[in-house]
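In this note's numbering, the protein residues as written are 6 to 328. What follows is one structure encoded as structure tokens, with my remarks underneath.
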């Protein structure tokens, strides 16, 4: 079940990276892999297949020298799968078939490395040590004249560069995906829209508001108004130290957009310095519903929605029998 999910993930990433048959062919052309190379690789195929288990063990022995590889090597499930995929890779390395299926297997291995937190430097360090060992074996043990053995290794090295490009691209793509997810999480945390009551939303804004963040605030607010069918929004800017003219105009545009969606926006917590700054900038706030603090904003919003807040008898008084 897990393997099927990983295969689907590798296919999805291939699609995202644009690795169709044409793109794969172009990658082979870039490393110079031609028909003559396939013929030379065929002369060392048996040697590589015979030594595949040793090469696999050597690769992970090299990884073990790097502290950065510990998360992979100490996770039994990940390590066993990585070792199996690596052995499949080494057997396919000299196969002469570098098609879509071959690329899919490399992508799957790259995804596993990324899941284990393996970075480019660590992977390349271990892989280059492996390449050196394969090259030495070909030169020493291949039943070929030295020049032919060297040419065969150089042809195989084109496939190796082809593989390195794929694995590095996967590691980079996964790193960028994590960064995007983190940025999205930060954006969501920096512009939260909270539902206080039915049809009532609270948008607390804290910190510096630049134009980019102001746009995010607008987008999140309008989406929340639609999703919650909100009628009133309290936008609290108590935690905002300064608002420049661009941000102020963006807030006014947000208020206007919310009105077009049927929601009234009440701005609370405008500080005296911010108010003076807005006046000095000549920004017209006549159409803005503003109150001094958050509590006042919520009370106004609740009255707009028809809620009545009554003050009951103090709890301590009821417990002590005091009228």
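Backbone N, C-alpha and C define an ideal beta-carbon position, used for all residues, glycine too.
| Asked | Found |
| --- | --- |
| Nearest neighbour of residue 41, chosen from 157, 138, 79, 63 [CA to CA] | 157 |
| Helix, strand or coil at residue 22 according to DSSP, with G and I counted as helix | coil |
| Assigned secondary structure, residue 196 (DSSP; H/G/I helix, E/B strand, else coil) | coil |
| For residue 303 and residue 239, believed in contact at Cβ under 8 Å, the rounded distance | 6 Å |
| Host alpha helix (DSSP H) of residue 54 (start-end) | 50-55 |
| Same chain only: Cβ atoms within 7 Å of residue 262, ignoring 5 sequence neighbours per side | 223, 227 |
| Residue 240 (DSSP reduced to helix, strand or coil) | strand |
| Cβ pair count under 8 Å reaching 3, the stretch 63-74 against the stretch 198-211 | no |
| CB contact flag (residue 87, residue 49, <8 Å) | no |
| Distance between beta carbons of residue 269 and residue 237, contact taken as under 8 Å | 5 Å |
| Member of 36, 174, 217, 208 whose CA lies at the smallest distance from the CA of residue 112 | 174 |
| Reduced DSSP secondary structure (H/G/I, E/B, other) of residue 66 | helix |
| Three-state secondary structure assigned by DSSP to residue 6 | Here residue 6 scores only 48 on pLDDT, less than 50, and its place in the model is too uncertain to base an answer on. |
| Within the stretch 205-261, ranges of the beta strand (DSSP E) (whole runs, at least 3 residues) | 205-211, 237-244 |
| Beta-carbon separation (whole angstroms), residue 196 vs residue 252, contact threshold 8 Å | So it is not a contact: roughly 13 Å between Cβ atoms. |
| Option in 26, 307, 82, 274 with minimal Cα separation from residue 297 | 274 |
| Sub-8 Å separation of residue 248 and residue 214 beta-carbons | yes |
| Beta-carbon proximity check, residue 207 vs residue 257, cutoff 8 Å | no |
| Endpoints, the beta strand (DSSP E) within which residue 271 is located | 269-273 |
| Where residue 77 falls: helix, strand or coil (DSSP) | helix |
| Classification of residue 183 by the beta-carbon crowding that lies within 10 angstroms, buried from 16 upward | exposed |
| Cβ pair residue 187, residue 60 closer than 8 Å | no |
| Strand pairing of residue 294, partner residues [DSSP] | 271 |
| Given residue 167 as reference, the closest of 132, 143, 141 once Cα atoms are compared | 132 |
| Sequence-distant residues of its chain with Cβ nearer than 7 Å to residue 74 (five each side left out) | 68, 123, 127 |
| Close beta carbons around residue 171, own chain, < 6 Å, minus the five adjacent residues each side | 111 |
| Residue 201 in three-state terms, based on DSSP | strand |
| For residue 152, the three-state DSSP class (helix, strand or coil) | helix |
| Of the residues 26, 96, 63, the one placed nearest residue 105, counting alpha carbons only | 26 |
| Anticipated Cβ contact below 8 Å, residue 121 with residue 92, distance rounded | Not confirmed; about 17 Å, so no contact. |
| Spatially closest choice to residue 254 from 19, 165, 286, 153, by CA coordinates | 286 |
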